[in-house]
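Engineer:
Residue numbers (the numbering used here): 16 to 382.
1. Just list the residues that DSSP pairs residue 308 with in beta bridges.
2. Please report the Cβ distance between residue 374 and residue 28, rounded to the nearest whole angstrom; I am assuming they are in contact, meaning their Cβ atoms lie under 8 Å.
3. If you draw a straight line from the alpha carbon of residue 257 to that of residue 57, how long is it in whole angstroms?
4. I want to know whether the segment 189-205 touches the segment 299-308 - three or more CB-CB distances under 8 Å.
5. Does the beta-carbon of residue 91 have 16 or more other beta-carbons within 10 angstroms, so that it is buried, or is it exposed?
6. Pull up the CB-CB distance for residue 17 and residue 164, whole angstroms please, since I reckon it's below 8 Å.
7. Between 160, 230, 145, which has its C-alpha nearest residue 167's C-alpha?
8. With DSSP as the reference, identify every bridge partner of residue 213, one or two as the case may be.
9. For residue 236 and residue 347, I'd like the C-alpha separation in whole angstroms.
10. At what residues does the alpha helix (DSSP H) containing residue 359 begin and finish?
11. For residue 270 and residue 244, which I take to be in contact (beta-carbon distance under 8 Å), what is that distance rounded to the nearest angstrom?
12. Grab me the residues of residue 234's own chain with a C-beta within less than 8 Å of its C-beta, minus the 5 sequence neighbours each way, in chain order.
13. Tell me the residue span of the beta strand (DSSP E) that contains residue 453.
14. In whole angstroms, what separates the C-alpha of residue 20 from that of residue 355?
15. So, using beta-carbon positions, are residue 22 and residue 169 closer together than 8 Å?
16. Does DSSP put residue 251 in a helix, in a strand, or in coil?
17. Does the beta-carbon distance from residue 5 to residue 342 come in below 8 Å?
18. Give a single yes or no on whether residue 187 has its beta carbon closer than 7 Å to a heavy atom of the ligand MG.
19. If we call anything under 8 Å between Cβ atoms a contact, is residue 36 one with residue 193?
20. Which residues in the same chain as residue 107 place their Cβ atom closer than 6 Å to its Cβ, once the five residues preceding and following it in sequence are excluded?
21. How far does the alpha helix (DSSP H) with residue 50 in it reach, from first residue to last?
22. Express the C-alpha separation of residue 276 and residue 43 in angstroms, rounding to a whole number.
23. Considering only their Cβ atoms, is the gap separating residue 287 from residue 213 smaller than 8 Å?
24. Where does residue 17 sit, in a helix, a strand or coil, going by DSSP?
25. For residue 246, count neighbouring C-beta atoms within 10 Å of its own C-beta (all shown protein chains included) and say buried if the count is 16 or more, exposed if not.
26. What are the boundary residues of the alpha helix (DSSP H) that includes residue 102?
27. Between which two residues does the alpha helix (DSSP H) holding residue 88 run?
28. Which of the three DSSP states is assigned to residue 190 in this structure?
29. Assuming residue 148 and residue 322 are in contact, meaning their beta carbons sit under 8 Å apart, how far apart are those beta carbons, in whole angstroms?
30. For residue 340, count neighbouring Cβ atoms within 10 angstroms of its own Cβ and tell me buried if that reaches 16, exposed if not.
31. Tell me whether residue 221 sits in a helix, a strand or coil according to DSSP, three-state version.
32. In whole angstroms, what separates the C-alpha of residue 181 from that of residue 77?
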């Protein structure tokens with residue numbers, strides 16, 4: 016069997032979903048030939064568009080209110096086929112001749128599935144692997160294509176959104192998330208944590224630029240909590256955090272570079288709370304393992320980030336900050352009232368996502 020996975024380097028959720036698929040195919044069906052094609056590798060235009068997306072995400076998230084709406088008109092450039100990056104995509108299809116095509120990104124569905132079936136043949140099975148946790152405003156129309164043979168949703172609210180958009184009910188499968196193996200092994204985080212509370216300042220692979228602002232707000236609690244600052248692949252940010260920590264020895268701070276799945280799963284299970292933008296991947300990981308999140312909206316909120324925020328609010332899980340100084344109130348409140356924090360942690364356990372990797376793989380392989 017041959018599998019082609021379409022994904023993107025925009026953000027982190029889509030690429031991580033593809034990585035998890037590759038890993039689980041290797042674990043459960045090692046005889047399967049898996050190829051991954053990044054949207055950005057098909058042509059320079061797509062690469063530039065992703066670079067712009069990632070720049071906006073880091074520097075000016077509010078701009079996504081404009082950029083996201085522009086991308087909603089993508090059908091004009093993909094009228095039942097692929098125009099931009101078509102040549103490279105067709106070349107990969109002819110070389111791989113996949114039996115199964117999986118897309119983990121909304122901009123590799125519409126047009127891509129149509130063209131793939133024409134090149135490979137109508138027997139090609141095309142599946143959308145949607146990384147979102149909720150529907151409504153922020154859920155891009157580009158996820159939904161009638162040529163998909165199946166739509167894998169990780170939550171029921173996404174299935175509800177699909178029904179509203181008249182996607183065929185019989186093609187919708189609510190299967191929960193598929194993360195890298197360490198997230199599924201070992202169960203959820205314990206309800207009671209040993210030692211000092213560990214607060215993690217989260218970051219995607221691209222790195223966050225707000226760590227120093229947030230660290231300043233945590234100085235009053237030196238000796239009462241520990242802090243880990245994730246810096247992704249940004250060595251300059253890691254160096255800046257390390258320098259800040261040396262200048263403020265009263266607060267225990269560790270700056271880490273990009274962490275692999277095993278290290279991240281262990282960190283979630285040790286974590287008191289994580290400060291993060293409301294991205295799909297962090298939300299999914301936290302919901303699976305039961306780690307409280309503090310969503311920050313510094314620089315504004317992107318439309319697609321409203322999905323995780325809405326999902327958490329509707330379940331009584333949402334804690335958000337609009338400014339760096341808001342973090343002090345949240346952390347101080349939880350430290351002063353441990354019982355209130357424990358109720359939130361219990362709520363996360365009660366609302367945990369259900370995951371079954373074997374069921375997901377059976378669906379992908381056999382329908």
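For glycine and all other residues, C-beta sits at the position ideal for the given N, C-alpha and C.
Fair warning: this is a prediction, and the values are worked out from it, not measured in the lab.
Structural biologist: The relevant details are as follows:
1. 289
2. Between residue 28 and residue 374 the Cβ distance is about 21 Å, and since that is not below 8 Å, they are no contact.
3. 38 Å
4. yes
5. exposed
6. At roughly 16 Å, the Cβ-Cβ gap does not stay under 8 Å, so residue 17 and residue 164 are not in contact.
7. 145
8. 241
9. 8 Å
10. 353-365
11. 5 Å
12. 263, 265, 266
13. Any question about residue 453 goes unanswered here, given that the chain covers just 16 to 382.
14. 43 Å
15. no
16. helix
17. Only positions 16 to 382 of the chain appear in this structure, which leaves residue 5 out of reach.
18. Absence of the ligand MG from the depicted structure is noted, as is the absence of any ligand whatsoever, leaving it without description.
19. yes
20. 52
21. Element bounds for residue 50: not the alpha helix (DSSP H) but the beta strand (DSSP E), 48-53.
22. 18 Å
23. yes
24. strand
25. buried
26. 101-111
27. Note, residue 88: premise wrong, no alpha helix (DSSP H); not H, not E.
28. coil
29. 6 Å
30. exposed
31. With a pLDDT of only 49 at residue 221, under 50, the local geometry of the prediction cannot be trusted, and no value is derived from it.
32. 31 Å
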